[in-house]
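Engineer:
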Amino acid sequence: MMRRAGWVREARAGVLLLAVLLVSCSESNWAWLTGKDKELPPEPTPKPLAERDLVRADSVGELSLVSGSAMMQIKGFGLVVGLNGKGSRDCASSIRTYLIDRMQKLMTSDVWSRDMPKLAVADLIDSPDTAVVELSAFVPVGATRGMHMDVSVTAATGTQTQSLEGGLLLPSELKVFGPASSGRGVLAGRTLGYARGPIFTSPYVSSGDTVAGTDPRRGYVLGGGVMTERRPARLILKQPSYPLARRIQQRLNETFGHATPLVAEAMSQAYIVFRTPHQYRAKPNDALQLASCVYLPHTPAFIDTKLRELAEAAANPATDYQAVSLAWQGI
Numbered sequence: 077m078m079r080r081a082g083w084v085r086e087a088r089a090g091v092l093l094l095a096v097l098l099v100s101c102s103e104s105n106w107a108w109l110t111g112k113d114k115e116l117p118p119e120p121t122p123k124p125l126a127e128r129d130l131v132r133a134d135s136v137g138e139l140s141l142v143s144g145s146a147m148m149q150i151k152g153f154g155l156v157v158g159l160n161g162k163g164s165r166d167c168a169s170s171i172r173t174y175l176i177d178r179m180q181k182l183m184t185s186d187v188w189s190r191d192m193p194k195l196a197v198a199d200l201i202d203s204p205d206t207a208v209v210e211l212s213a214f215v216p217v218g219a220t221r222g223m224h225m226d227v228s229v230t231a232a233t234g235t236q237t238q239s240l241e242g243g244l245l246l247p248s249e250l251k252v253f254g255p256a257s258s259g260r261g262v263l264a265g266r267t268l269g270y271a272r273g274p275i276f277t278s279p280y281v282s283s284g285d286t287v288a289g290t291d292p293r294r295g296y297v298l299g300g301g302v303m304t305e306r307r308p309a310r311l312i313l314k315q316p317s318y319p320l321a322r323r324i325q326q327r328l329n330e331t332f333g334h335a336t337p338l339v340a341e342a343m344s345q346a347y348i349v350f351r352t353p354h355q356y357r358a359k360p361n362d363a364l365q366l367a368s369c370v371y372l373p374h375t376p377a378f379i380d381t382k383l384r385e386l387a388e389a390a391a392n393p394a395t396d397y398q399a400v401s402l403a404w405q406g407i
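With the numbering used here applied, the sequence shown closes on residue 407, and no number is skipped along the way.
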């Protein structure tokens, strides 16, 4: 009986040991013990590398990005005359002081035409034939000195002006301002341009037709805004490098002509300032697009190869033909 009891204890111990081994075994060990290999999931298929754009390869646009390409808003206050009793004497004291000071200074500058008489600004503000207005214009990146733009003109908030139809905006400053600025913040901004000229209002207002969105207190001075300062573009390098920044500067100046100041100027290892060339002053965006398609290599062998690639690309209906055209211009 004792021998049988010992055998039972040994059998129980063996079963317990086997259970412990089964619990502690990982899936791979279990597969080894059972002789059945677990089927592993297939290796993920590697994604093919994106094909390099042969048109943009080795170009300024492949190596850099344009920073601050959004339109920049500039604002100001001005005085519209010739309203035949539809204006208003209303004017906030801070704006009144500003207009009297600034317009008197403008009368002695080139902004004021020689054939325009010197005026008593305070008396004009107090006339029902005039209106104090708010001005707004948008400046594209790359804007040059002397560039013209449309200016939005709106009767100042809180005034009783009825209509701006037939009015003339006297020379007024346009200033850069912060997004949260208003009132005195706008008055203290840096002057980037000026505006003047006849006010264009919607023709539907005077004809009596009712059209959604028409407002006789709002109009435009078409092409009446003039920039007095540049707004150069910035080319931000994707991988900052002093040699690369200087190389881009060299190629852009070779393409657009060496001028004073330089069209392209490397300011650091991270960015290059790009000033719109004089011949593109009316279309600064065209100059930026062309600059992005200028190739850095300029050896005869590279040019021959690139011209063949561009010719092949032009034969493909899916090609961006504008990019090909700009690349040819850059070469």
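Every residue gets a Cβ at the ideal spot worked out from N, C-alpha and C, and that includes glycine.
Kindly indicate the opening and closing residues of the alpha helix (DSSP H) around Ser420.
Structural biologist: For residue 420 there is no data in the structure shown, the boundaries of the chain being 77 and 407.
Engineer: Hey, would you say Thr331 sits closer than 8 Å to Gly406, going by beta carbons?
Structural biologist: What you label residue 331 is simply residue 255 of the sequence shown in a count that begins at 1. What you label residue 406 is simply residue 330 of the sequence shown in a count that begins at 1. Contact flag set, yes.
Engineer: Considering only C-alpha positions, which residue in the set Phe378, Leu364 and Ala391 is nearest to Thr220?
Structural biologist: Against the sequence shown, residue 220 aligns to sequence position 144. Closest by alpha carbon: Leu364.
Engineer: What separation, rounded to the nearest whole angstrom, lies between the Cα atoms of Ala302 and Phe153?
Structural biologist: Reading the sequence shown from its first residue, position 226 is the one you call residue 302. Reading the sequence shown from its first residue, position 77 is the one you call residue 153. The sequence shown places Val at residue 302, not Ala. If you take the alpha carbons of Val302 and Phe153, they lie about 15 Å apart.
Engineer: Go ahead and pull the three-state DSSP assignment for Gln149.
Structural biologist: The count along the sequence shown starts at 1 and reaches residue 149 at position 73. In the structure shown, Gln149 sits in a strand (DSSP, three-state: E or B).
Engineer: DSSP state of Arg294, grouped into three classes?
Structural biologist: Within the sequence shown, the letter at position 218 stands for residue 294. Arg294: strand per DSSP, three-state reduction.
Engineer: Could you give the distance in angstroms between the alpha-carbon of Ser317 and the alpha-carbon of Cys369?
Structural biologist: If you number the sequence shown from 1, residue 317 lands on position 241. If you number the sequence shown from 1, residue 369 lands on position 293. Near 20 Å, if we compare the C-alpha coordinates of Cys369 and Ser317.
Engineer: Considering Ala207, what are the terminal residues of the beta strand (DSSP E) in which it resides?
Structural biologist: By one-based count along the sequence shown, residue 207 stands at place 131. Where Ala207 is concerned, the enclosing beta strand (DSSP E) stretches over Ala207 to Val215.
Engineer: When the Cα of Glu249 is compared with those of Thr267, Ala367, Glu241 and Thr235, which residue comes out closest?
Structural biologist: One-based indexing of the sequence shown puts residue 249 at position 173. The option with the nearest alpha carbon to Glu249 is Thr267.
Engineer: Around the C-beta of Glu388, are 16 or more other C-beta atoms found within 10 angstroms, so that it is buried, or is it exposed?
Structural biologist: Against the sequence shown, residue 388 aligns to sequence position 312. It is exposed - the Cβ of Glu388 has fewer than 16 other Cβ atoms within 10 Å.
Engineer: Using 8 Å as the threshold, is the region 207 to 217 in touch with the region 142 to 161, meaning 3 or more CB pairs across them?
Structural biologist: yes
Engineer: Between which residues of its own chain and Val297 is the CB-CB distance below 8 Å, once the five residues before and five after are set aside?
Structural biologist: Your numbering for residue 297 matches position 221 in the sequence shown. Cβ within range, chain order: Asp226, Val227, Val229, Leu245, Ala271, Arg272, Gly273, Pro274, Ile275 and Phe276.
Engineer: Rounded C-beta distance between Pro308 and Arg351? I'm assuming under 8 Å.
Structural biologist: As a position in the sequence shown, residue 308 is number 232, starting the count at 1. As a position in the sequence shown, residue 351 is number 275, starting the count at 1. At roughly 5 Å, the Cβ-Cβ gap stays under 8 Å, so Pro308 and Arg351 are in contact.
Engineer: Do Arg293 and Thr237 have their CB atoms nearer than 8 Å?
Structural biologist: Indexing the sequence shown from 1 puts residue 293 at position 217. Indexing the sequence shown from 1 puts residue 237 at position 161. In terms of Cβ geometry, Arg293 and Thr237 form a close pair [threshold 8 Å].
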